[in-house]
Amino acid sequence: MKISLPEIKTKIFFSLLLFSLLILPQFNVFGQTEFPQNGYYVTLKNDTIYSNLENQGGMYLVYKNAKGKKHKFTPSQIRSFCINQQEYIPLFINEMGSKRYVAVKAKGYYTLLFYDINNYSTYGQMGLIGGIAEGTFKTYNSGYYVIIESETGYYSLPSSHKLLSKYLLNHFGNDAIIKQEAEKEGLSKQSIEPIFKLANQLKESQ
Numbered sequence: 002m003k004i005s006l007p008e009i010k011t012k013i014f015f016s017l018l019l020f021s022l023l024i025l026p027q028f029n030v031f032g033q034t035e036f037p038q039n040g041y042y043v044t045l046k047n048d049t050i051y052s053n054l055e056n057q058g059g060m061y062l063v064y065k066n067a068k069g070k071k072h073k074f075t076p077s078q079i080r081s082f083c084i085n086q087q088e089y090i091p092l093f094i095n096e097m098g099s100k101r102y103v104a105v106k107a108k109g110y111y112t113l114l115f116y117d118i119n120n121y122s123t124y125g126q127m128g129l130i131g132g133i134a135e136g137t138f139k140t141y142n143s144g145y146y147v148i149i150e151s152e153t154g155y156y157s158l159p160s161s162h163k164l165l166s167k168y169l170l171n172h173f174g175n176d177a178i179i180k181q182e183a184e185k186e187g188l189s190k191q192s193i194e195p196i197f198k199l200a201n202q203l204k205e206s207q
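Following my numbering, the numbering of the sequence shown begins with 2 at its first residue and continues without gaps.
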């Protein structure tokens, strides 16, 4: 059977179209999985940008676009970001003398923030004296910071049982729940988040 030239062109066109429909989505999938969206950041102008993000030790937020191009943001350059449903905001930590990204662990009357102090190091920059100061800081500091609604500044919570209990009673003793928990024998660094989450819930219900 003789096929005319227009028929041949039509068959080629539809064959190419079918090929494109089958193969292009696969390329798109590969492109998406290489740098998948895992969160978003909020600019100083309150724009929300979704992308692939990485938190580098609380000092930088690394943003990757769809092509893998990187850009770093310091804590002074954005309002906040969220990775895998964990929100982070900038906080000037006095003990470190600089801003860091800290995780928001509780919101409400008490805002509970956490910075992984294991990421903090001064030894290489300040020598032996810096190493001693760093060791002391990590021994007594839990990495948790509390901001009370309508107050400025923060409360830096210690890590050891005795210091933590005394600190909570001195600074939050007027809160019945915190006072009750601070007087318990089993108080530890792991108790901090549940205590302030419960205290927030009771404040909201009042």
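Just so you know, even glycine gets a beta-carbon here, dropped at the ideal spot from N, CA and C.
Keep in mind the model is a prediction, meaning the values are calculated, not measured.
query                                                                                                                                                                : result
Looking at Asp-117 and the ligand PLP, is the gap between the Cβ and the nearest heavy atom below 7 Å?                                                               : Ligands are entirely absent from the displayed structure, and the ligand PLP is therefore not among its contents.
Can you grab the Cα-Cα spacing for the pair Lys-106 / Lys-198, in whole Å?                                                                                           : 8 Å
Alpha carbon to alpha carbon, how far is Gln-86 from Ile-50? Give it in angstroms, no decimals.                                                                      : 15 Å
Spatial neighbours of Gly-32 within its chain, please: CB distance less than 8 Å, with the 5 preceding and 5 following residues excluded, ordered by chain position. : Low confidence applies to Gly-32: its pLDDT is 46, below 50, so where it sits in the model is not reliable enough to give any reading.
Going straight from the alpha carbon of Asp-117 to that of Met-97, what length do you get?                                                                           : 13 Å
Thinking C-alpha only, which one of Phe-36, Ser-206, Lys-46 is nearest Val-63?                                                                                       : Phe-36
With a Cβ-Cβ cutoff of 8 Å, do Asn-56 and Tyr-102 count as a contact?                                                                                                : yes
Do Tyr-141 and Pro-159 count as a contact pair if the criterion is CB distance below 8 Å?                                                                            : yes
Quick check: the Cα distance between Leu-165 and Leu-54, rounded to an integer number of angstroms?                                                                  : 34 Å
Could you tell me the distance, in whole angstroms, from the CA atom of Ile-148 to the CA atom of Tyr-110?                                                           : 8 Å
In the DSSP assignment, the alpha helix (DSSP H) including Ile-179 goes from what residue to what residue?                                                           : 177-183
Alpha helix (DSSP H) containing Phe-173: first to last residue?                                                                                                      : 162-173
Taking the beta strand (DSSP E) that Glu-55 falls in, what are its first and last residues?                                                                          : 49-57
Per DSSP, what kind of secondary structure is Glu-88 in: helix, strand or coil?                                                                                      : strand
Under a three-way DSSP split, which group does Phe-197 fall into?                                                                                                    : helix
Contact defined as beta carbons within less than 8 Å: I believe Lys-46 pairs with Tyr-61. What is the distance between those atoms, to the nearest angstrom?         : In fact, because the Cβ distance is near 20 Å, the residues do not count as touching under 8 Å.
Nearest CA to the CA of Lys-100: which residue from Lys-108, Ser-81, Thr-75?                                                                                         : Thr-75
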